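So the structure is just underneath, and the comments pick up after that.
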Amino acid sequence: FHPLFMLQVENVKLLDRYTNRKAANGTLYLTATHLIYVDASAEVRKETWILHHHIATVEKLPLTTAGYPLLIHCKNFHVAHFVIGQERDCHEVYTSLLKLSQPVKPEELYAFSYNPKMSKENREIGWKLIDLKVDYQRMGIPNDYWEITDVNKDYEVCNTYPPEIVVPRAANKAVVIGSSRFRSRGRIPVLSYLYKENNAAICRCSQPLSGFSARCLEDEQMLQAIREANPGSPFMYVVDTRPKLNAMANRAAGKGYENEDNYDNIRFKFIGIENIHVMRNSLQKLLEVCETKSPSMSDFLTGLENSGWLRHIKAVMDAGVFLAKAVKDEKASVLVHCSDGWDRTAQVCSLASLLLDPFYRTFKGFMVLIEKEWIAMGHKFSHRCGHLDGDPKEVSPVFTQFVECVWQLMQQFPCTFEFNERFLLEIHDHVFSCQFGNFLGTCHKEREDLKIFEKTHSLWPFLLQKKQELRNPLYRGFTAYKELQPNTLPFSFQFWCGMYNRFDKGMHPKQCVLDHLLSCMSQKLKLEDNASELENVSP
Amino acid sequence: TDEWRLSCINKEFSVCPSYPPVVIVPKSVDDEALRKVAMFRHGSRFPVLSYYHKKNGMVMMRSSQPLTGTNGRRCKEDEKLINATLRPGKRGYIIDTRSLNVAQQARAKGGGFEQEAHYPQWRRIHKCIERFNILQESLIKLVEACNDQSHNMDRWLSKLEASNWLTHIKEILTAACLAAQCIDREGASVLVHGTEGTDSTLQVTSLAQIILDPGCRTIRGFESLVVREWLQAGHPFQQRCAQSAYSNSKQKWEAPVFLLFLDCVWQILRQFPCSFEFNEQFLIMLFEHAYASQFGTFLGNNENERSKLKLPQKTMSLWSWVNRSEELSKFQNPLFEANSLVIWPSVAPQSLQLWEGVFLRWNRPSKFLDEAHEEMINIIKYNKELQAKVNALRRQLAEMETDDRMQENL
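The listed protein sequences correspond, in order, to chains H and R.
Residue numbering for the first sequence follows our numbering, starting at 106 and increasing by one per position.
Residue numbering for the second sequence follows our numbering, starting at 83 and increasing by one per position.
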C-alpha cells in the first residue's frame, strides 16, 4: 500500500494523555482517507492511524513553549494531541482536517472509493451473506399467524421500512394502509421477533397520531390481529419507551400514545428511556470525565454519576429485560414504540431478542440482528453518527448504548457469546468509518438510491475473516444457555474502560487474559495437528 | 548479605512487645544501640529491615514514628541506624503515611517526624493514608451501598463514592508504588512509618514487595509475606478484625486494614493476571480467616500474645491446611507464568474496580462467572495435556528411529 500524501509535516509531537513521558518527534502525513503519524525515534517504528471519517472535532489550542497544539477528538473516543512546530503547518493541517472530516455529499464517503481488490462475484456474495428471510424462516415464518408481505415493495406504506415486512396474516391490506396513516412516518406495527415456543411476539412501530382523542379503526384492528396471533395470552403489552411526560407532550402535537380504552385487551406501560438529546449530553459529560488528567477516585465517581450514562444504560437494559420476561414468562406479545420507532425501539427490541435467543449471540446471528433491527428497520445511522456535515442535534450515541448493553451482558455471562469485546469494538468503529456500505444513509430506500449494493462492500465478510481474533475462547456453544436473565441492580453495571478509554493503554490490565486464551486456542490446533501427524507416522 | 544481622534482643519481647523475637538490623548497629533507638520510637518499634531488593541492593525498612515531641528530641543511634542503609553519596526516602499536618500535630503528643537538620540525607515524603474508624466507617458504608436493593443508579454511585473505599485503595497503592519506585527506579533506600507503624506502614511495605519481588507472587512467597509483614510484624489482628461491617456496637480499634491490603493485591492481580501463582479465591479465603477461623494463625495481636496464649501448641496453623495439595489446587491461578518482572499497577480510577468477589459475593449469583473460570482452567489444562502427548509421541518416534538405525548397523 503506497499512500499518496496530500500533506507531510515534520517535527510533530504526539502527546500521551496518560503518562507525562516526553513526547518524541515524528512526522504527520495526510492521505485522502487517513491521518498517519509516524514516530521513528524509538527503536521500533510506531504508527498511529486515524481515519478522517472518525474525526469528530479538531481544535487549535493556545500556543505553548513546545509549539502549536492541535487536539483531535474521534467518534470512537480516540483523542490525539499533536504539537506542531510551525504555525503555518498547524493551520494547514487544521483546515485540511476540517474539510476531510466533514464530507458534504454521500458520494464523498470512503465506501465509494474503498477498493480491496475483490472480484465482482465475491463482492456480491458478501452482500448476500445475511438474508433476513432466512431468519424469519428460522422463527417458523411464514406460518398460520404471520406472513412476510411485500405490500411495502415500492415504499408506499412506509418509506423508512424495508420492502419486505412481517405482519399478522389477519391484517389485510386495508388494515395495513389504514394503520400507516395513523402512525408517525407510516411506521406501522411489524414483527421484530417471534418466540416460537409459545407464539408470543415482539412487534415494533412508531407513536400513534392520536393527539388527545383521535382514533383509527384499522390501527385498532392491527393491534387486535397481533394479539390474536398469540392465542395463548388474553392480553398484549403496549410499551412506550419514552418518559410519560414526553409522550404526553407529544399529544399536543397531534401524536402521543395508545389509549387503553380504545384498544381491546392491551396493557399499556411507560418505560422512561430519555431522548437522543439527553443521551448526547450524557455521553459528552462522560467523555469529559474520561479525559480528565489524574482525577481522584471521587472526581471520577461523581463525574460518572453526574453524566447519568450508566443510569441510561440501565434503563435500556431494564426495558430489554421487561420485554424478554413478558414474552417468556407471561407468554404475552409486546408492541414497542418510542416517537419515531427507530432509536429506543431499535435498542430495546434487539436487546430483548438477544436475551431470548442464543442464535443472536453467535457471529452470524448478531450480524442478522443488526441488519434486521437497525439497518433494515431504518435507524438513521447517517444522522446519528454524523457521517455528513449536517445537523449536530441529530447526532446521538443510540447504537453505542446498544453495543454497551451487549458488553455489559458479556461481563455477566462470559461463556454465552460466540464473539468477544473486540468484535463489538470493530463493528462500532465501522459504523462511523463509512468504509463499508451497510451503515450509510438512513434507510433501505436511501441505500438503494445510493446504489450501495452495486458500488460498495459489506462489512460482514470482512469481519468473518478475522473470526479467530474476534471469537470468545470461553464460548460454551449454542445450546449451553437459552434465555439470559441479567441482574440489573446498579452494581451490576461496570464502566467500559475498553470503549471510553480504549486508547489509554496505561489504564488497561497489562496482561490480557483474552490474548492468552486466544493463543491457547490457536496453539491447541497446532498441537492437535502435531499429535495426529506423529500418530500416523508410528506404525 | 554481610551488611545485615539478626538480632535476638527481643527474644523475651522485652524491648518491643509488638515485634517478633528476631529482627534484622544493620550489622554496624549493636544491641545496646538498638535499646536506645527503641526508646526513641513509638511503641518501641525501632526501624528494622522489611525487604532487600536483590537487583540493586537497596532496602526498605519500617518503623513507627520518632518521639521527637515539641522539644525536637533527637536520637543519634536512630540516625546512625537508618543512615547505615545508605550508599555513600546517595539519599534515602522516608515515606510518612500521615499528612504533613497530622505529622506536625503529632509532636504535641510526644510524637513527630524526622527533622531535616538531624536527617540531612533523607528526603521525607508524606503520603496520607487513612486509619482506624475512618476505614471502618468506609467499610460499613460500602457494605450498606452494596445491600441497597433500590434500582437507583445515581444513589448507588453516590453511595459508592461517599464510602471512599476505592479512594483508600488508590491512596494505599499510590504510596506502595512510590516506595517501590524509590527502591527500583531511584535506586534509593526507603524507610516507611506512620504513627504506630502497625497499619498503613505494613500495607505499604507488603504491597511494595508484591510490586518489586516476583517471589511474593507465588503461593509460598505470599504466605511468607503475610507471616513476615503482618503477623510477625505485629499488626493487631485481634483488635482490627474483632467485628466487621454488620456489628451494632462501636469499638474504637476496628479497621479493615488487612482487607484493604488484600483488595489492593486483588487490584494488582486483576491488572497482571498472569503474574500471580494464586487466584482470587486465595485472597478471599485469607480475608475470611482473618476475621473468623478455626485456625490459630490470625489470633492475637502479635507474636508476644501468640506465644503467651500458647497458640502453636493449642491450635492448628492455617498454612498447614492450605498447603495440602487438594486444598492448594483450588487456589492456583491457571494463567500463572513465572516472570522476574517488577510490575507497576495503574492507579487511575478507571483501572480500579470494586472487588465483587468480596463485596457482592452474596448479592449476585456467581454461577456464570464460575463456569467461565472452569472453562478457562479446562482450556489451559487440555493444552498442557496435548503438549505432553506430543512430547511423548516425539520421544517414541526418536527412540524408534534409533532402534531402526541400530538394526541397520547389525
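Positions of the beta carbon are idealized from the N, C-alpha and C atoms, including for glycine.
It should be emphasised that the depicted structure is a prediction, and the values quoted were computed from it without experimental measurement.
Closer than 9 Å at the beta carbon, the chain H residues around residue i
| i | result |
| --- | --- |
| ILE461/R | PRO578, LEU579, LEU622, CYS625, MET626, LYS629 |
| ARG446/R | GLN517, ASN592, LEU594, PHE596, SER597 |
Sequence-distant residues of its chain with Cβ nearer than 7 Å to residue i (five each side left out)
| i | result |
| --- | --- |
| HIS107/H | Legend: pLDDT at HIS107/H = 49, less than 50; position of this residue unreliable, value from coordinates given subsequently. Counting only Cβ-Cβ distances below 7 Å, and skipping sequence neighbours, we find nothing. |
| GLN329/H | ASP369 |
| ASN421/R | PRO296, SER357 |
| LEU234/H | SER563, TRP565, PRO566 |
| ASN525/H | LEU575, ARG576, ASN577, LEU619 |
Cross-chain neighbours of residue i in chain R, by beta carbon under 7 Å
| i | result |
| --- | --- |
| SER458/H | Chain R residues near SER458/H: none, gap ~20 Å exceeds 7 Å. |
| ASN635/H | VAL472 |
| GLN191/H | Under the 7 Å cutoff, chain R gives no residues; its nearest Cβ is about 34 Å from GLN191/H. |
| MET111/H | Simply none; closest approach about 36 Å. |
| VAL618/H | PRO355, LEU417 |
| MET419/H | Note that residue 419/H corresponds to Lys in the displayed sequence, not to Met. Residues of chain R passing the Cβ test: MET235. |
| SER563/H | Here the premise fails: no neighbours, minimum Cβ distance about 32 Å. |
Reduced DSSP category for residue i - H, G, I as helix; E, B as strand; rest coil
| i | result |
| --- | --- |
| ASN116/H | strand |
| ARG87/R | strand |
| PHE106/H | Since pLDDT at PHE106/H reaches only 41, below the 50 mark, its modelled position is unreliable, and the value read off the structure follows with that caveat. Coil, per DSSP. |
| ASN130/H | strand |
| LYS191/R | helix |
| LEU131/R | strand |
| ALA305/H | strand |
| TRP565/H | helix |
| GLU379/H | coil |
| LEU440/H | strand |
| CYS539/H | coil |
| ILE475/H | helix |
| ASP445/H | coil |
| ALA474/R | helix |
| MET341/H | strand |
| GLY172/H | strand |
| CYS179/H | strand |
Cross-chain neighbours of residue i in chain H, by beta carbon under 8 Å
| i | result |
| --- | --- |
| ASN138/R | In chain order: nothing, as chain H lies at least about 22 Å away. |
| PHE450/R | GLN517, PHE518, PRO519, CYS520, THR521 |
| TYR464/R | LYS629 |
| CYS346/R | Under the 8 Å cutoff, chain H gives no residues; its nearest Cβ is about 13 Å from CYS346/R. |
Supposed contact pair residue j and residue i - C-beta distance, whole angstroms, cut 8 Å
| i | j | result |
| --- | --- | --- |
| PHE62/R | ALA372/R | As shown, chain R starts at 83 and ends at 492. That puts residue 62/R outside it, with no answer to give. |
| GLN197/R | GLY154/R | 6 Å |
| ALA451/H | TRP414/H | Not really, about 19 Å apart at Cβ, beyond 8 Å. |
| LEU409/H | TYR605/H | Contact flag wrong, Cβ pair sits at about 10 Å. |
| GLN325/R | PRO427/R | Their Cβ separation, rounded to whole angstroms, is 30 Å, which puts GLN325/R and PRO427/R out of contact at 8 Å. |
| VAL188/H | LYS118/H | 4 Å |
| THR467/H | GLU396/H | 36 Å between Cβ atoms; not a contact. |
| LEU307/R | SER282/R | At roughly 17 Å, the Cβ-Cβ gap does not stay under 8 Å, so LEU307/R and SER282/R are not in contact. |
Chain R residues whose Cβ lies nearer than 8 Å to that of residue i
| i | result |
| --- | --- |
| ARG416/H | MET235, ASP236 |
| PHE405/H | PRO431, GLN432 |
Any non-hydrogen atom of the ligand COA closer than 7 Å to residue i Cβ
| i | result |
| --- | --- |
| GLY495/H | Here there are no bound small molecules, and the ligand COA is not part of this structure. |
Same chain only: Cβ atoms within 8 Å of residue i, ignoring 5 sequence neighbours per side
| i | result |
| --- | --- |
| CYS454/H | SER297, TYR298, ILE307, ARG309, LEU428, VAL441, GLU478 |
| LYS204/H | none |
| LEU217/R | HIS250, ALA337, PRO338, VAL339, LEU342 |
| LYS571/H | GLU531 |
| GLU161/R | HIS200, TYR201 |
Cut-off 6 Å between Cβ atoms - residues of its own chain near residue i, not counting five sequence neighbours on either side
| i | result |
| --- | --- |
| HIS183/H | PHE608 |
| ASN384/R | SER100, GLY316 |
| ARG449/H | THR346, ILE378, CYS443 |
| LEU166/H | PRO174, LEU176 |
Residue i: contacting residues in chain R (beta-carbon distance under 9 Å)
| i | result |
| --- | --- |
| GLY611/H | SER428, ALA430, SER433 |
| SER401/H | THR249, LYS252, PRO431 |
Beta-carbon neighbours of residue i, restricted to chain H and to distances below 7 Å
| i | result |
| --- | --- |
| CYS228/R | PHE596 |
Taking Cβ-Cβ distances below 8 Å as the criterion, which residues of the stretch 279 to 300 of chain R are in contact with chain H? none
Return the residues of the stretch 381 to 397 of chain H that lie within a Cβ-Cβ distance of less than 7 Å from chain R, sorted by chain order. none
In the stretch 571 to 603 of chain H, which residues sit with their C-beta less than 8 Å from some C-beta in chain R, listed in chain order? PRO578, LEU579, ARG581, ASN592, THR593, LEU594, PRO595, PHE596, SER597, PHE598, GLN599, PHE600, CYS602
So if I threshold CB-CB distances at 8 Å, which residues from the stretch 182 to 213 of chain H count as touching chain R? none
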